[in-house]
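Protein chains: 2
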Amino acid sequence: MPLSNISHILLILSGKGGVGKSSTTLQLALSLNILGQNVGILDIDLTGPSIPRLLGLEDKKITQAKGGWVPVEVHPLISASGSSGDEEGGRGQKSGGQAVARGALHAISLGFLLPSRSSAVIWRGPKKTAMIRQFISDVAWPDLDYLLIDTPPGTSDEHIAVLEELHKLSERRPGQLSGAVVVTTPQAISTSDVRKELNFCVKTGVEVVGVIENMAGYMCPCCGEVSNIFSKGGGEEMARENEVPFMGSVPIDTGFGGLVDGFKFDEKGEATDEKDPRLLVDRYKDCRLCRIFADFARKVIDVQS
Amino acid sequence: MPLSNISHILLILSGKGGVGKSSTTLQLALSLNILGQNVGILDIDLTGPSIPRLLGLEDKKITQAKGGWVPVEVHPLISASGSSGDEEGGRGQKSGGQAVARGALHAISLGFLLPSRSSAVIWRGPKKTAMIRQFISDVAWPDLDYLLIDTPPGTSDEHIAVLEELHKLSERRPGQLSGAVVVTTPQAISTSDVRKELNFCVKTGVEVVGVIENMAGYMCPCCGEVSNIFSKGGGEEMARENEVPFMGSVPIDTGFGGLVDGFKFDEKGEATDEKDPRLLVDRYKDCRLCRIFADFARKVIDVQS
Numbered sequence: 019m020p021l022s023n024i025s026h027i028l029l030i031l032s033g034k035g036g037v038g039k040s041s042t043t044l045q046l047a048l049s050l051n052i053l054g055q056n057v058g059i060l061d062i063d064l065t066g067p068s069i070p071r072l073l074g075l076e077d078k079k080i081t082q083a084k085g086g087w088v089p090v091e092v093h094p095l096i097s098a099s100g101s102s103g104d105e106e107g108g109r110g111q112k113s114g115g116q117a118v119a120r121g122a123l124h125a126i127s128l129g130f131l132l133p134s135r136s137s138a139v140i141w142r143g144p145k146k147t148a149m150i151r152q153f154i155s156d157v158a159w160p161d162l163d164y165l166l167i168d169t170p171p172g173t174s175d176e177h178i179a180v181l182e183e184l185h186k187l188s189e190r191r192p193g194q195l196s197g198a199v200v201v202t203t204p205q206a207i208s209t210s211d212v213r214k215e216l217n218f219c220v221k222t223g224v225e226v227v228g229v230i231e232n233m234a235g236y237m238c239p240c241c242g243e244v245s246n247i248f249s250k251g252g253g254e255e256m257a258r259e260n261e262v263p264f265m266g267s268v269p270i271d272t273g274f275g276g277l278v279d280g281f282k283f284d285e286k287g288e289a290t291d292e293k294d295p296r297l298l299v300d301r302y303k304d305c306r307l308c309r310i311f312a313d314f315a316r317k318v319i320d321v322q323s
Numbered sequence: 019m020p021l022s023n024i025s026h027i028l029l030i031l032s033g034k035g036g037v038g039k040s041s042t043t044l045q046l047a048l049s050l051n052i053l054g055q056n057v058g059i060l061d062i063d064l065t066g067p068s069i070p071r072l073l074g075l076e077d078k079k080i081t082q083a084k085g086g087w088v089p090v091e092v093h094p095l096i097s098a099s100g101s102s103g104d105e106e107g108g109r110g111q112k113s114g115g116q117a118v119a120r121g122a123l124h125a126i127s128l129g130f131l132l133p134s135r136s137s138a139v140i141w142r143g144p145k146k147t148a149m150i151r152q153f154i155s156d157v158a159w160p161d162l163d164y165l166l167i168d169t170p171p172g173t174s175d176e177h178i179a180v181l182e183e184l185h186k187l188s189e190r191r192p193g194q195l196s197g198a199v200v201v202t203t204p205q206a207i208s209t210s211d212v213r214k215e216l217n218f219c220v221k222t223g224v225e226v227v228g229v230i231e232n233m234a235g236y237m238c239p240c241c242g243e244v245s246n247i248f249s250k251g252g253g254e255e256m257a258r259e260n261e262v263p264f265m266g267s268v269p270i271d272t273g274f275g276g277l278v279d280g281f282k283f284d285e286k287g288e289a290t291d292e293k294d295p296r297l298l299v300d301r302y303k304d305c306r307l308c309r310i311f312a313d314f315a316r317k318v319i320d321v322q323s
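As given, the protein sequences belong to chains A and B, one line each in that order.
Numbered by my numbering, the letters in the first sequence go through residues 19 to 323 in order.
Numbered by my numbering, the letters in the second sequence go through residues 19 to 323 in order.
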């Protein structure tokens, strides 16, 4: 049965584009990894997949095996004894209840199937629906604690298709679909779009695990002044009005681009122009946003326990 | 014949969401108005329509008349003699070649048809395609110099549908579809998505009128330091690589939210908390971005002449 070896499934939603859904998905995944969870990222943004680029793995390709498509491995797990999942022969699988120091990360995205990174995917709804059905039913995921599904903006074919498939599965495995993390920016134009997304969750029976307010304030690296470039507090207010949990605010961090591009951070948390050869998950620990997302990851785990 | 009284049609595109397509559409429309052009905005972002909110007209409704849907009037034209289009009985129509001091602005958006601003539109592709066909064929636009079509992110049903309809019309009226203005932010994740959009333009035979780089730098209101929050120069580089015209860069202006919400600007160009009763187009002249978009509007007019 598809997805049967996955404990929890979380959707990452937002009404508006460009609010940081994909960077939120990635950071939540890395933070869950750091807490010892095995995580998969399923990117169902078919016309604008960002995950391959954020992972720095744009040239990777999905391979086909007997059980279906094999996801791209971002990093293997490390057991508490220090050995990696690869050495044990598993694709990030937890080995017999052994304690895990850092979980494995795998990812699936249409970006891993396209001939080039600038290929335009000009697909109508039915083709998108078919692709998403395949992504749900034909991927040979390793054992996962969490599958995070990164969605495109809006409430259309991709969202309807993925929820139809997940609801079918949940009849056999109630509670597997944990719910949705909804991302917004603080300004009114974004929160009003996200209200639509909350209504979508109500209409489709998806629980809202929490709202994350992204791009909340920017600290001038020169004088330290925090500017609320995109207004302030809109996400928290919206969560309160709609009676859904507010997870917290994430400031704009110009260092994040440097993290994605593989540059070292200096002691102030600024990205330098020197390359850092370590894994993304290890480099992320030096990012100022890591502490904030560690808290979100704990909240996600607490909801399930 | 639909759209037969419209001189030029421009698409506003971007691969990625949240780069400021709708605010670009609005500012280009206002700037063309200030140059004496009659403009219509057609918002085909069906699941996340931003135009009603940006115009401050969320409570307006589209009405039905004999010739089709009547667009919402944002402001009437003012002739060079100082009289407004309304007084002359026209809906912003140019009266017998009379000089126009400021053009009229009209708008159509699904937001004007929804029962409430937080209503979620959960539509599959075929329903979206049908809606867009209606938007193209059933709107009783007044005489327009420019119709600006604000699109959702990506390259999917809405884009395919609108281009199919426009290409059908252009067989009868070649040159009416002037092309596309492509909006990006400077960071690589956005420019790589916009490359997809440029490929889409090539595949669908739409000329790229120019690339606008939005959110290029932020000036700290405290110390005046300009920070390249979302990197720098990516839009210009992408335009050069793809051999399409680069129109220019637009910095982040925190005052823009205040403009939309109807607040006065102080002499430094900052939004105050005092309401300004003037029309949006008149208030926009005090916005720091007005000068930049005046230049873009002139470039758009130059392409057509």
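Built from N, CA and C at the ideal position, the CB exists for glycine as well.
These numbers come from a predicted model, not from an experiment.
Boundaries of the alpha helix (DSSP H) around R151/B: G143 to S155. Taking the C-beta atoms as reference points, P160/B is found no nearer than 9 Å to G36/B. For the C-beta of D175/B, the chain A residues within less than 7 Å are, from N- to C-terminus, R142 and G143. Collapsing the DSSP output to three states places L31/A in a strand. Residue contact with chain B for R296/A: absent (no Cβ-Cβ distance below 9 Å to any residue of chain B). Residue environment for T42/B: buried (at least 16 other C-beta atoms within 10 angstroms of its C-beta). Residues of chain A whose Cβ lies closer than 7 Å to the Cβ of I178/B are, in chain order, I140 and R142.
When the five nearest sequence neighbours on each side are left out, the beta carbons in the same chain lying within less than 6 Å of the beta carbon of L181/B are those of T222, in order along the chain.
Using beta-carbon distances, Q205/B counts as an interface residue toward chain A, with a partner under 9 Å. Distance check between A289/B and each of G275/B, R296/B and T147/B places G275/B closest, using alpha-carbon atoms only. For the 9 Å CB-CB criterion, V90/A and V299/A do not form a contact.
For the 9 Å CB-CB criterion, L75/B and A148/B do not form a contact. Under DSSP, Q82/A takes part in a beta bridge, and its partners are W87/A.
The segment 252 to 312 of chain B is shown to contain whole beta strand (DSSP E) runs of 3 or more residues at 264 to 267, 281 to 283 and 289 to 293, in chain order. Going by beta carbons, E225/B and T203/B fall outside the 9 Å limit.
I59/A is positioned such that its CB atom lies no closer than 9 Å to that of D175/A.
Contact annotation: G280/A and D294/A have beta-carbon atoms nearer than 9 Å.
At a cut-off of 9 Å between C-beta atoms, T169/B does not count as an interface residue with respect to chain A. Distance from the Cα of Q152/A is smallest, within the candidate group G86/A, F311/A and G253/A, for G86/A. With at least 16 other beta carbons inside 10 angstroms of its own, K39/B counts as buried. The residue from T173/B, D156/B, R142/B and P144/B with its alpha-carbon nearest to that of V139/A is T173/B.
Taking a beta-carbon distance threshold of 9 Å, S210/B counts as an interface residue toward chain A. By the 16-neighbour rule on beta-carbons within 10 angstroms, Q82/B is exposed. If you ignore the 5 residues before and after R71/B, its C-beta comes within less than 8 Å of the C-beta of G129, R135 and V278, all in its own chain and listed in chain order. C-alpha of S245/A to C-alpha of M233/B: approximately 15 Å in a straight line.
Assigned with DSSP and collapsed to three states, G197/B falls in strand.
In this structure, DSSP gives E189/A a helical state, which the three-state scheme calls helix. According to the DSSP assignment, A125/B belongs to no alpha helix (DSSP H) but to the beta strand (DSSP E) extending over L123 to S127. Counted as a single uninterrupted DSSP element, the beta strand (DSSP E) harbouring A119/A occupies residues V118 to R120. Listed in chain order, the non-local C-beta contacts of L132/A below 6 Å within the same chain number zero, local neighbours out to five positions each way being set aside. For I52/B, the enclosing alpha helix (DSSP H) covers residues K39 to I52. Judged by DSSP in its simplified three-state form, T202/B adopts strand. Proximity of G74/A to chain B, defined by a Cβ-Cβ separation below 9 Å, is not satisfied.
Apart from the 5 residues on each side of it in sequence, S25/B sits with its Cβ closer than 6 Å to the Cβ of D163 in its chain, given in chain order. Within the same chain, A98 come within 6 Å of A117/A by CB-CB distance, once the 5 residues on both sides are set aside.
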